[in-house]
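Q: Counting in this note's numbering, the sequence shown runs from 1 upward without gaps. Backbone N, C-alpha and C define an ideal beta-carbon position, used for all residues, glycine too. Before I ask anything, let me first share the structure, which is written out below as structure tokens.
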Amino acid sequence: MPRDKTENHIKIMAAAKEEFLERGYEKASMRSIADRCGMTAAGIYRHCKDKEDLFYQLVSPAENKLMTWAKDHVNRYEKELGQNGKFIWQDSYIDMMKDVIYPDMEDYHLLIARSKGSKYENFLHDMSELAQSRFLLFLEEQKKAGVKVPDIKEKQLHLLMTAYISALFEPVIHNYPYEEAVASLSTIEAFFLPGWKKIMGT
Numbered sequence: 001m002p003r004d005k006t007e008n009h010i011k012i013m014a015a016a017k018e019e020f021l022e023r024g025y026e027k028a029s030m031r032s033i034a035d036r037c038g039m040t041a042a043g044i045y046r047h048c049k050d051k052e053d054l055f056y057q058l059v060s061p062a063e064n065k066l067m068t069w070a071k072d073h074v075n076r077y078e079k080e081l082g083q084n085g086k087f088i089w090q091d092s093y094i095d096m097m098k099d100v101i102y103p104d105m106e107d108y109h110l111l112i113a114r115s116k117g118s119k120y121e122n123f124l125h126d127m128s129e130l131a132q133s134r135f136l137l138f139l140e141e142q143k144k145a146g147v148k149v150p151d152i153k154e155k156q157l158h159l160l161m162t163a164y165i166s167a168l169f170e171p172v173i174h175n176y177p178y179e180e181a182v183a184s185l186s187t188i189e190a191f192f193l194p195g196w197k198k199i200m201g202t
């Protein structure tokens, strides 16, 4: 479905965002969205295939931005290891929250907390699983390359990664104001980062 920037499309997206934030994906209706923007349902369907596509149009930019950061995050560590042969602590998911997630809190609240009934309803769980699998793969690749890596079991990592990501995204789930969300990072950072650094030997 083409994405456009016409006046009607902008009105539809704004109305849809209001509807999904207020009622959640499951209870939102295309008729209500049409009423919000003063259009007919037929007019809405000129800009999307269905409710799922409309929700995707709203949340996919936020999803892509997050996934791009995560990919770059892994690449930065792999590059450093390739150059120095040892693990050097750089950025963390703390930085991701501060630089990517919290500035667009409403978009990520929509993606994570208002997506029940859509393909994104398990997004946070899926993200934790992906982070865990990539981390284990990263450790295995570095071990094969002769780099000393921590001996951490998959089930142990699952516990840590789930707890860490859940804590980071609690302000998103509850849609904290930006300043309050950023302030919460100091507590999360003080609690989790020393443990991660100890595990990684840094």
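1) How about Asn175 and His109: do their beta carbons lie closer than 8 Å?
2) With 16 as the cutoff for other CB atoms within 10 Å, does Asp107 come out buried or exposed?
3) Residue range of the alpha helix (DSSP H) that His47 falls in?
4) Would you kindly report the start and end of the unbroken alpha helix (DSSP H) that includes Glu26?
5) On a CA-only basis, which of Ser166, Glu129, Lys116 and Asp72 is nearest Phe20? Give me that one, please.
6) Based on Cα-Cα distance, which residue from Val147, Gly146 and Met161 lies nearest to Asp153?
7) Can you give me the Cβ contacts of Trp65 inside the same chain, cut-off strictly under 7 Å, excluding the 5 residues immediately before and after it?
8) Let's test the definition: count the other Cβ atoms within 10 Å of the Cβ of Lys155 and tell me whether it reaches 16, buried, or not, exposed.
9) Three or more C-beta pairs closer than 8 Å, one from the stretch 53-65 and one from the stretch 15-35: is that the case here?
10) Can you tell me where the alpha helix (DSSP H) with His158 in it begins and where it stops?
11) What's the C-alpha gap between Arg76 and Ile199?
12) From the DSSP output, in three-state form, read off Asp104 for me.
A: The short version:
1) Counted from its first residue, the sequence shown places residue 175 at position 175. Counted from its first residue, the sequence shown places residue 109 at position 109. Yes.
2) Numbered from its first residue, the sequence shown carries residue 107 at position 107. Flag for Asp107 reads buried.
3) Numbered from 1 along the sequence shown, position 47 holds the residue referred to as residue 47. That residue, His47, is in no alpha helix (DSSP H); it is neither H nor E in DSSP.
4) As a first step, residue 26 is located in the sequence shown; it is residue number 26 there, counting from the start. Unbroken alpha helix (DSSP H) run through Glu26: Glu7 to Lys27.
5) Locating residue 20 in the sequence shown gives position 20, where the first residue counts as 1. When each option's Cα is compared against that of Phe20, the closest is Lys116.
6) Working through the sequence shown from its first residue, we reach residue 153 at position 153. Here the sequence assigns Lys to residue 153, which means Asp is not the residue at that position. It is Met161.
7) Start at 1 with the first residue of the sequence shown, and residue 65 comes out as number 65. As written in the sequence, residue 65 is Lys, which differs from the Trp given in the question. Counting only Cβ-Cβ distances below 7 Å, and skipping sequence neighbours, we find Val100.
8) In the sequence shown, the residue the question calls residue 155 occupies position 155. Result: exposed.
9) yes
10) Translated into the one-based positions of the sequence shown, residue 158 becomes position 158. From DSSP, the alpha helix (DSSP H) with His158 extends over Glu154 to Ile173.
11) Your numbering for residue 76 matches position 76 in the sequence shown. Your numbering for residue 199 matches position 199 in the sequence shown. If I take the Cα positions, the gap works out to 19 Å.
12) Indexing the sequence shown from 1 puts residue 104 at position 104. DSSP places Asp104 in helix when its eight states are reduced to three.
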